[in-house]
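Numbering-wise, our numbering puts 280 at position 278 of the sequence shown, and it's gapless, one number per residue.
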Amino acid sequence: MRVNGELRDLAADVTTSDTVEPVTIDSPDGLNILRHSAAHVLAQAVQRLNPEATLGIGPPIVDGFYYDFDPAQPFTPEDLKAISSEMQKIVKQGQRFVRRVVTEEQARAELAGEPYKLELIGLKGGADQGKENEGVEVGGAELTIYDNVDPKTGEVQWKDLCRGPHLPSTRLIGNGWALTRAAGAYWRGSEKNPMLQRIYGTAWPTKDELREYQTRLEEAAKRDHRKLGVELDLFSFPEEIGSGLSVWHPKGSIIRGEMEQHARKRHIEGGYTYVYTPHISKDELFLRSNHLVTYREGMFPPIRMDEVLDDDGHVVKQGQDYYLKPMNCPMHILIYKERARSYRELPMRLAENGTVYRNELSGALHGLTRVRGFTQDDSHLFVTSEQLESEATRVLEFVISMLRDFGLEDFELELSMRDDEKSKWIGSDEFWDYSTNALRNVARASGLKLTEIPGEAAFYGPKIDLKTRDALGRTWQLSTVQVDPNLPERFDLEYTGADGEKHRPIMIHRALFGSIERFFAILLEHYAGAFPVWLSPVQVVGIPVAEQYGEYLDGIVAELRTRGVRAEVDHSDDRMPKKIRTHTKAKVPLQLIAGEEDRSSGAVSFRFRDGTQLNGVPVPEAIERIARAIETREQVNTAWER
3 MRVNGELRDL AADVTTSDTV EPVTIDSPDG LNILRHSAAH VLAQAVQRLN
53 PEATLGIGPP IVDGFYYDFD PAQPFTPEDL KAISSEMQKI VKQGQRFVRR
103 VVTEEQARAE LAGEPYKLEL IGLKGGADQG KENEGVEVGG AELTIYDNVD
153 PKTGEVQWKD LCRGPHLPST RLIGNGWALT RAAGAYWRGS EKNPMLQRIY
203 GTAWPTKDEL REYQTRLEEA AKRDHRKLGV ELDLFSFPEE IGSGLSVWHP
253 KGSIIRGEME QHARKRHIEG GYTYVYTPHI SKDELFLRSN HLVTYREGMF
303 PPIRMDEVLD DDGHVVKQGQ DYYLKPMNCP MHILIYKERA RSYRELPMRL
353 AENGTVYRNE LSGALHGLTR VRGFTQDDSH LFVTSEQLES EATRVLEFVI
403 SMLRDFGLED FELELSMRDD EKSKWIGSDE FWDYSTNALR NVARASGLKL
453 TEIPGEAAFY GPKIDLKTRD ALGRTWQLST VQVDPNLPER FDLEYTGADG
503 EKHRPIMIHR ALFGSIERFF AILLEHYAGA FPVWLSPVQV VGIPVAEQYG
553 EYLDGIVAEL RTRGVRAEVD HSDDRMPKKI RTHTKAKVPL QLIAGEEDRS
603 SGAVSFRFRD GTQLNGVPVP EAIERIARAI ETREQVNTAW ER
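Right, dumping it as structure tokens:
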């Protein structure tokens, strides 16, 4: 239940003056509590079977949970089976989750054999800002331990340092859960710390929901962009280059190029100007922007340049540290600052496909969605305070329109706002009020579902995040509209107003795709590799029924190429059925088949990705249909109607 807005166990005491709201197991809060409780059962089962394994943390995560352990040996698939069986016994036993408030001394005494828990106790008070979900353990106002109690004897079966809340009983976990895999994970996400063993699981209110989730996972595995990237020859990560650094193959480059060119065309139509900036900069730039203070761990180590040594190895001229840029915004600011600006030049909209570099942990890298070098479709807008709401509206409308061009339709918004802890934020109350209200008005005017999240804003300003669902129902965060008065202040940006006085502009950070690599991966999985015709590397392939019809198809393909269509004829020695299978597997959207009847009548037959056909289409009509499908960004998987 929620008591006065705070999540509490059902066993908590309440009074008649409290506001109490129920939390159902199928709500977001309820699912987190279910999964957190399942994580405790997992840890109890592991320590029953492997008493020397010490405990890390076990939070709920999207669609599941995990728990970190430090065992003598890594977990095997056979271990997971045994742990699952032990968990089932604990679930059926119906152990009660009982909360106890303890002092730091008591907690240290009770958990003396758990070194990682002792470290977390030392974090008390600041855990909510931790990197690895430490808040599930010690994030509250007081230290608490949860005992798992035998319902018949009242004996404590197991205990864990935990903030809670939990289900009343393990029996409520039911049978809608499963362990999924084990993996290595650094303690608290740092390579400087010990490598632990992490067991992942999932939990749902019912067995049917578990099965639905497992079916989605199976489909997601088929659509995994890393797998499709290899099968369709789109991109790779050569070991010789380094982890998290991709190369794009010809077919992948065609898709990426179409994405970038379409976005560039739309941006220019929308009043944006493209700029180019270098990949590295002196350290002074990132010190002034504060990235080297607040984001140093996410940046690559410095490159020492221009240092001069004498013959004895002594420094006679000090060198200069350069850094690979983690973000494009400081360089865009320098473009603005290059000369005096007038209010007549605002809003100024700068755009760049700028490659940036992040020092991601090797264990966090994941295909194209988490890399060390990636290209942001970055835009930075410099506006007056009076222009903020209208320009944010324009940005959001532009973003949604662009994403729809790529076939995404299901959106919702999150507004990250300041909370009441004023010491966490900079800027005046007036700024926060009008900027938050401006973004709220923009979000509401869009007609999309809006969730407001107090306390999640950047320290300098509110933001809107746009989320989308793909074909599997998965939610992805894509575009962000971030209000920023901080960097204009740090760089002393100005413009001359209509009153002749100097004023400070507001900056809007806006990434549409987020990163081109990540957006490409999302689209690849969304379409399962079967891209719309306009994005497909090969849009049309001609397949002659026999060798003598190849020349006829060459003429048609030549005409298609004059219309900008990516088309080719398969003149290989393979038989026609094998050619059809080969190009269907390659996800080519349109196959043109020609035999004697087609040639004699000046026609062609279409074969589509689902195996359907449309026969006897006159060549001029076929060419126009193909051109129209590309122009309208149509997704063609099945036969057109005549």
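Glycine included, each C-beta is placed from N, C-alpha and C at the ideal position. Predicted model only: the values in this text are computed from it and were never measured.
Is Thr182 helix, strand or coil when you go by DSSP? For the purposes of this step, residue 182 is taken as the residue at position 180 of the sequence shown. If DSSP states are grouped into helix, strand and coil, Thr182 belongs with the strands.
Counting along the chain, where does the beta strand (DSSP E) carrying Ala353 start and finish? If you number the sequence shown from 1, residue 353 lands on position 351. Taken as a continuous stretch (DSSP letters only), the beta strand (DSSP E) holding Ala353 covers 350–359.
Looking at the unbroken beta strand (DSSP E) that takes in Asp486, where does it start and where does it end? Mapped onto the sequence shown, residue 486 falls at position 484. Taken as a continuous stretch (DSSP letters only), the beta strand (DSSP E) holding Asp486 covers 477–486.
Measure the alpha-carbon distance for Arg565 versus Thr634 and round it to whole angstroms. By 1-based counting over the sequence shown, the position of residue 565 is 563. By 1-based counting over the sequence shown, the position of residue 634 is 632. Straight-line Cα distance between these residues: approximately 15 Å.
Is Val318 buried or exposed, if buried means 16 or more other CB atoms sit within 10 Å of its CB? Here residue 318 is taken as the residue at index 316 of the sequence shown, counted from 1. The residue in question, Val318, is exposed, as its Cβ has fewer than 16 Cβ neighbours within 10 Å.
Under 6 Å Cβ to Cβ from Lys469, same chain only, skipping five residues before and after it: list those, please. Position 467 of the sequence shown, counted from the first residue, corresponds to residue 469. Hits under 6 Å: Glu414, Thr477, Gln479.
Counting C-beta neighbours from all protein chains within 10 Å, is the total for Asn150 16 or more, i.e. buried, or is it exposed? In the sequence shown, the residue the question calls residue 150 occupies position 148. Result: buried.
Please list, in chain order, all residues of the same chain as Ser437 whose beta carbon is under 7 Å from its beta carbon, the five residues on each side excluded. In the sequence shown, residue 437 corresponds to position 435, counting from 1. Closer than 7 Å at Cβ, skipping near neighbours: Leu390, Gly463, Pro464, Val485.
Rounded to the nearest angstrom, how far is the Cβ of Thr182 from that of Thr204, given a contact under 8 Å? Within the sequence shown, numbered from 1, the residue matching residue 182 stands at position 180. Within the sequence shown, numbered from 1, the residue matching residue 204 stands at position 202. The pair is a contact, with the Cβ atoms about 6 Å apart (cut-off 8 Å).
Segments assigned alpha helix (DSSP H), at least 4 residues, entirely inside the segment 264–298: 285–290, 293–296
Could you give the DSSP three-state label for His585: helix, strand or coil? For this step, residue 585 is matched to residue 583 along the sequence shown. Looking at His585 - three-state DSSP - the assignment turns out to be helix.
Could you tell me the alpha carbon to alpha carbon distance between Met89 and Trp642, rounded to whole angstroms? For the purposes of this step, residue 89 is taken as the residue at position 87 of the sequence shown. For the purposes of this step, residue 642 is taken as the residue at position 640 of the sequence shown. For Met89 and Trp642, the distance between alpha carbons rounds to 54 Å.
Return helix, strand or coil for Phe533, following the three-state DSSP convention. Against the sequence shown, residue 533 aligns to sequence position 531. Three-state result, Phe533: coil.
Since Ser607 is in the beta strand (DSSP E), which residue starts that stretch and which ends it? As a first step, residue 607 is located in the sequence shown; it is residue number 605 there, counting from the start. First-last of the beta strand (DSSP E) with Ser607: 605–610.
Continuous beta strand (DSSP E) assignments of at least 3 residues falling wholly in the segment 71–103: 98–103
Assigned secondary structure, Pro456 (DSSP; H/G/I helix, E/B strand, else coil): Within the sequence shown, residue 456 is the residue found at index 454, counting from 1. In the structure shown, Pro456 sits in a strand (DSSP, three-state: E or B).
Roughly how many angstroms lie between the CA atoms of Lys284 and Tyr324, to the nearest whole one? On the sequence shown, position 282 is the one that residue 284 refers to. On the sequence shown, position 322 is the one that residue 324 refers to. Roughly 4 Å between the two C-alpha positions.
Can you tell me which of Leu9, Val295, Thr17, Ala13 puts its alpha carbon nearest to the alpha carbon of Leu33? Counting from one through the sequence shown, the residue named residue 33 turns up at place 31. It is Leu9 whose Cα lies nearest to the Cα of Leu33.
Is the distance from the Cβ of Met301 to the Cβ of Pro332 below 9 Å? As a first step, residue 301 is located in the sequence shown; it is residue number 299 there, counting from the start. As a first step, residue 332 is located in the sequence shown; it is residue number 330 there, counting from the start. No. Outside cutoff.
Gln378 to Ile337, Cα distance in whole Å? Start at 1 with the first residue of the sequence shown, and residue 378 comes out as number 376. Start at 1 with the first residue of the sequence shown, and residue 337 comes out as number 335. If you take the alpha carbons of Gln378 and Ile337, they lie about 18 Å apart.
Just to confirm my understanding: we take Gly618, look at its own chain, exclude 5 residues before and 5 after, and list those with CB closer than 6 Å. What are they? For this step, residue 618 is matched to residue 616 along the sequence shown. Excluding sequence neighbours, Gly618 sits near Ala605.
Taking the DSSP output, what are the residues bridged to Met197? Along the sequence shown, read from residue 1 onward, the residue named residue 197 stands at position 195. Answer is Tyr188.
Just to confirm the assignment, what range does the alpha helix (DSSP H) spanning Leu383 have? Residue mapping note: residue 383 aligns to position 381 of the sequence shown, counting from 1. Segment 375–385 is the beta strand (DSSP E) holding Leu383; no alpha helix (DSSP H) there.
Could you tell me if Thr146 is buried or exposed, where buried requires 16 or more neighbouring beta carbons within 10 angstroms of its beta carbon? What you label residue 146 is simply residue 144 of the sequence shown in a count that begins at 1. Thr146 should be labelled buried.
How would you write the range of the beta strand (DSSP E) that Leu169 sits in, first residue to last? For the purposes of this step, residue 169 is taken as residue 167 along the sequence shown, with counting starting at 1. No beta strand (DSSP E) holds Leu169; DSSP gives it neither H nor E.
On a CA-only basis, which of Arg512, His511, Leu495 is nearest Lys504? Give me that one, please. If you number the sequence shown from 1, residue 504 lands on position 502. For the residues Arg512, His511, Leu495, the minimum Cα distance to Lys504 belongs to Leu495.
At least 3 beta-carbon pairs within less than 8 Å: the segment 63–72 vs the segment 170–178: no
Mind reading off the beta-carbon distance from Ala394 to Val483? Whole number of angstroms is fine, and I expect it under 8 Å. For the purposes of this step, residue 394 is identified with residue 392 of the sequence shown, where counting begins at 1. For the purposes of this step, residue 483 is identified with residue 481 of the sequence shown, where counting begins at 1. Contact flag correct, Cβ pair sits at about 6 Å.
In the structure shown, what three-state DSSP assignment does Leu496 receive? Position 494 of the sequence shown, counted from the first residue, corresponds to residue 496. Position check: residue 496 holds Glu in this sequence, whereas Leu was assumed. Note: Glu496 maps to coil in three-state DSSP.
Can we say the segment 544–555 touches the segment 514–524, given the rule of at least three CB pairs closer than 8 Å? no
Contacting residues, own chain, Cβ-Cβ under 7 Å from Asp81 (five flanking each side not counted): The residue you call residue 81 lines up with position 79 of the sequence shown. Correct list: empty, nothing qualifies.
If you draw a straight line from the C-alpha of Ile510 to the C-alpha of Gly409, how long is it? For the purposes of this step, residue 510 is taken as the residue at position 508 of the sequence shown. For the purposes of this step, residue 409 is taken as the residue at position 407 of the sequence shown. Taking the straight line joining both Cα atoms gives about 26 Å.
In the DSSP assignment, what residue or residues form a beta bridge with Asp323? The count along the sequence shown starts at 1 and reaches residue 323 at position 321. Looking at the DSSP assignment, Asp323 forms a beta bridge with Arg306.
His168 to Pro456 span [Cα, whole Å]: In the sequence shown, the residue the question calls residue 168 occupies position 166. In the sequence shown, the residue the question calls residue 456 occupies position 454. Spanning the two alpha carbons is a distance of roughly 24 Å.
Contact check, Arg492 vs Arg290, beta carbons under 9 Å: For this step, residue 492 is matched to residue 490 along the sequence shown. For this step, residue 290 is matched to residue 288 along the sequence shown. Against a cut-off of 9 Å, the Cβ pair of Arg290 and Arg492 comes out as a contact.
Quick one: residues in its chain with C-beta nearer than 6 Å to the C-beta of Pro1, no 5 flanking neighbours on either side, listed in chain order? With the chain covering only 3 through 644, there is no way to say anything about residue 1.
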